[in-house]
Amino acid sequence: MKFHGGLRLRDHKQALSGQSIVDAPLPKRLLVSLRTNRGVEADAVVSVGDTVLKGQVIARSDDVMVSDVHAPSSGRVTSINKRPSAAPDAALAQVIEITTDGLDQWCEPLAMAGVSLPELMHQAGLMGMGGAGFPAHVKYGQGVETLIINGAECEPNIACDEALMLAQPERVIRGTELMMQAAGAEHGIIAIEDTLGGVGTALNEAMASMGVSGISVTQVPNIYPTGGEKQLIEVLTGLQVPVGRTPAVLGLLMQNVATAAAMADAHDVQRPLVDRIITVSGEAVAQPINVRALIGTPLSDLLSLAGVDSDAVDGLVIGGPMMGFAMPHADVGIDKTSNCLLALKRSSERPETAMPCIRCGDCVQVCPQELLPQQLFWYIQGEQWEKTRSHHVNDCIECGACAYVCPSEIKLVDYYRFAKAELRFLDYKQGQSSHSKSRFEAREARLERLKKERQAKRHAKTAQLKDRKAAKKEISDVLARIKKAKDENND
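Residue 14 is where the sequence shown starts when you use this note's numbering, and the numbers rise one by one after that.
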């Protein structure tokens with residue numbers, strides 16, 4: 014099966030082929046972001062000056078969309094403040110800075126007694142490690158027939174998942190088994206690109222040696238963005254996830270291969286997610302590498318490890334060349350979703366400024382979500398936000414295929430991100446307005462109720478006074494009749 018649109022891109026991964034994973038040395042400092050996905054932050058449970066151990070919880074929240082955050086190494090908390098983050102939208106976030114002590118000393122293992130697998134994911138800080146970073150545990154609890162493990166790294170330059178599957182296929186298989194158990198799924202599919210024959214062999218051999226059944230390794234076309242959730246589901250099953258719904262409505266659940274490996278660590282070794290494999294690549298990198306680094310490792314440390322001349326770097330991007338986000342500087346710590354660091358040189362091939370849209374329709378042909386990119390662009394330029402909503406701008410996965418083929422060099426994805434932000438703001442204002450209206454109406458109803466209650470009290474009091482006067486008059490009449498009767502008898 015194939016989805017609509019897409020691109021065949023040069024993968025720029027040849028230099029990474031066959032390389033072993035490099036273990037990054039312990040950084041002197043770690044910058045751990047508390048922003049666990051788009052817009053949601055955990056709350057720090059440590060203070061400046063506190064000593065922490067590796068794996069210790071340093072932030073958590075009651076919000077279901079937040080997983081626990083752990084210290085990646087032992088040391089001392091030296092600051093907690095707003096800094097740029099490596100989150101999917103590169104926004105400012107609360108960051109805990111830890112000065113490491115060089116001991117890398119672990120705290121007590123995760124508690125396992127009486128803990129369900131989804132709750133273990135929560136406590137271990139497991140997140141989707143190949144996309145927007147939604148907490149893993151929120152996907153469980155619904156009827157799931159098939160678990161899909163996404164190993165389709167279709168974006169150029171990124172090879173961290175390939176390196177993981179080649180080096181530690183048993184961890185991926187074990188994590189897949191546990192996630193199937195947590196979801197109640199009968200079938201598991203590990204999806205890899207059709208160019209990764211060696212990965213398929215490694216996974217199948219691992220399953221055979223482990224005696225695992227119920228999991229299959231399936232190759233998918235190396236077409237960008239096959240690794241997108243909806244696109245991969247359509248390729249594997251021929252089904253389309255309905256607009257505004259999740260794969261759960263089709264009895265499907267998807268996780269990244271790195272998340273599966275982290276699940277194996279959480280269950281079998283009782284250790285939380287404190288590190289990940291990240292690809293360091295780009296034009297300024299002479300020899301790209303896959304690095305296992307602690308969460309919070311500064312980008313500058315990774316560049317030094319890759320032997321990058323900082324003077325030759327003109328830009329840093331977290332993520333791939335299609336969907337990545339520019340970083341303001343190298344003093345940013347990687348997070349759980351950081352799958353790639355690109356060090357870029359200035360390019361003279363493409364113009365600095367965009368030209369007018371010529372309505373060629375190339376963007377429509379490649380859009381994997383079957384949207385109308387050029388029409389959305391016109392609506393955004395005209396600030397017709399509700400028109401962009403009705404044309405499903407929120408369904409845009411920001412893959413960048415439209416911008417890649419645009420002959421006018423328009424940065425279309427930037428416009429769509431802006432439109433989404435405007436719609437969120439409009440919804441927020443509408444929510445605030447509705448809340449204010451509800452409060453006003455509640456106040457008016459309360460005042461009207463109090464007014465009626467006061468009136469009822471006045472009426473009751475008036476009636477009571479009338480009753481008293483009538484009673485007094487009746488008593489006076491009785492006394493007068495008695496007196497009259499006495500007077501008559503005396504006469």
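Even glycine gets a Cβ: it sits at the ideal position worked out from N, Cα and C.
Between the C-alpha atoms of residue i and residue j, what's the straight-line distance to the nearest angstrom?
i	j	result
Ile-317	Thr-350	The identity of residue 317 in the sequence shown is Ser, whereas the question assumes Ile. One C-alpha to the other measures close to 21 Å.
Cys-167	Thr-272	18 Å
Ala-325	Asn-303	21 Å
Asn-269	Arg-452	44 Å
Val-491	Arg-459	47 Å
Lys-26	Ala-172	7 Å
Ser-489	Lys-474	22 Å
Asp-440	Gly-320	47 Å
Leu-252	Tyr-237	18 Å
Phe-390	Met-335	19 Å
Val-70	Gly-332	27 Å
Ser-361	Val-262	Residue placement at Ser-361 cannot be trusted, given a pLDDT of 45 that sits under 50; what the coordinates show is reported in the next sentence. Between Ser-361 and Val-262, the C-alpha separation is close to 47 Å.
Leu-130	His-150	8 Å
Gln-32	Val-59	39 Å
Ile-423	Met-340	21 Å
Ile-161	Leu-265	7 Å
Val-287	Lys-67	8 Å
Ala-483	Arg-462	31 Å
Phe-16	Gly-241	11 Å
Leu-22	Leu-354	19 Å
Gly-144	Glu-457	47 Å
Glu-175	Val-35	14 Å
Cys-376	Leu-47	36 Å
Ala-196	Gln-155	7 Å
Glu-501	Gln-477	36 Å
Thr-64	Ile-291	28 Å
Arg-481	Arg-467	21 Å
Asn-352	Val-330	11 Å
Leu-179	Val-293	18 Å
Cys-415	Tyr-428	12 Å
Pro-311	Glu-110	11 Å
Lys-450	Gln-181	57 Å
Thr-49	Arg-471	59 Å
Lys-358	Leu-20	24 Å
Asn-444	Phe-438	The displayed chain sequence assigns Gly, not Asn, to residue 444. Rounded to the nearest angstrom, the two C-alpha atoms are 10 Å apart.
Ala-498	Ala-469	43 Å
Shorter than 7 Å, the distance from the beta carbon of residue i to the closest heavy atom of the ligand GTP, or not?
i	result
Pro-255	You won't find the ligand GTP in this model; it holds no ligand whatsoever.
Using beta-carbon positions only, say whether residue i and residue j come within less than 8 Å of one another.
i	j	result
Thr-159	Ala-198	yes
Leu-245	Val-233	yes
Arg-284	Ile-308	no
Ser-98	Val-108	yes
Ala-455	Ser-421	no
Ala-432	Ile-371	no
Gly-413	Ala-356	no
Glu-247	Ala-219	no
Asp-348	Ala-100	yes
Thr-231	Ala-204	yes
Gly-18	Cys-380	yes
Leu-384	Asn-407	no
Gln-305	Ala-37	Residue identity check: residue 305 is Arg in the sequence provided, not Gln. Cβ atoms of Arg-305 and Ala-37: closer than 8 Å.
Asp-24	Pro-122	no
Ser-80	Gly-138	yes
Asn-235	Thr-214	no
Glu-132	Ala-165	no
Could you tell me which residues DSSP puts in a beta bridge with residue i?
i	result
Leu-315	None, per the DSSP bridge assignment.
Met-340	Leu-329
Ala-72	Ala-57, Val-82
His-135	BP columns for His-135 are empty, so no partner.
Lys-67	Trp-119
Val-230	Ile-203
Val-304	Val-35, Ile-291
Gln-268	Ile-162
Tyr-237	Leu-20
Ser-46	Val-108
Cys-415	BP columns for Cys-415 are empty, so no partner.
Gly-144	Looking at the DSSP assignment, Gly-144 forms no beta bridge with any residue, so it has no partner.
Asn-407	Bridge partners of Asn-407: none, in fact.
Asn-94	Val-108
When the cut-off is 8 Å and only beta carbons count, does residue i lie next to chain D?
i	result
Lys-464	In the structure shown, chain D cannot be found, because there is only a single protein chain.
Using 8 Å for Cβ pairs, my map puts residue i next to residue j. What's the rounded Cβ distance?
i	j	result
Met-267	Asn-163	6 Å
Met-192	Met-125	In fact, because the Cβ distance is near 16 Å, the residues do not count as touching under 8 Å.
Gln-382	Gly-374	Not confirmed; about 16 Å, so no contact.
Ser-74	Asp-56	5 Å
Meets three-Cβ-pair contact criterion under 8 Å: the segment 108–126 and the segment 83–97: yes
Segment contact, 8 Å Cβ cut-off, at least three pairs: the segment 384–403 with the segment 338–354: no
At least three beta-carbon pairs within less than 8 Å, the segment 216–229 to the segment 179–191: yes
Contact the segment 255–267 vs the segment 32–43: 3+ CB pairs below 8 Å: no
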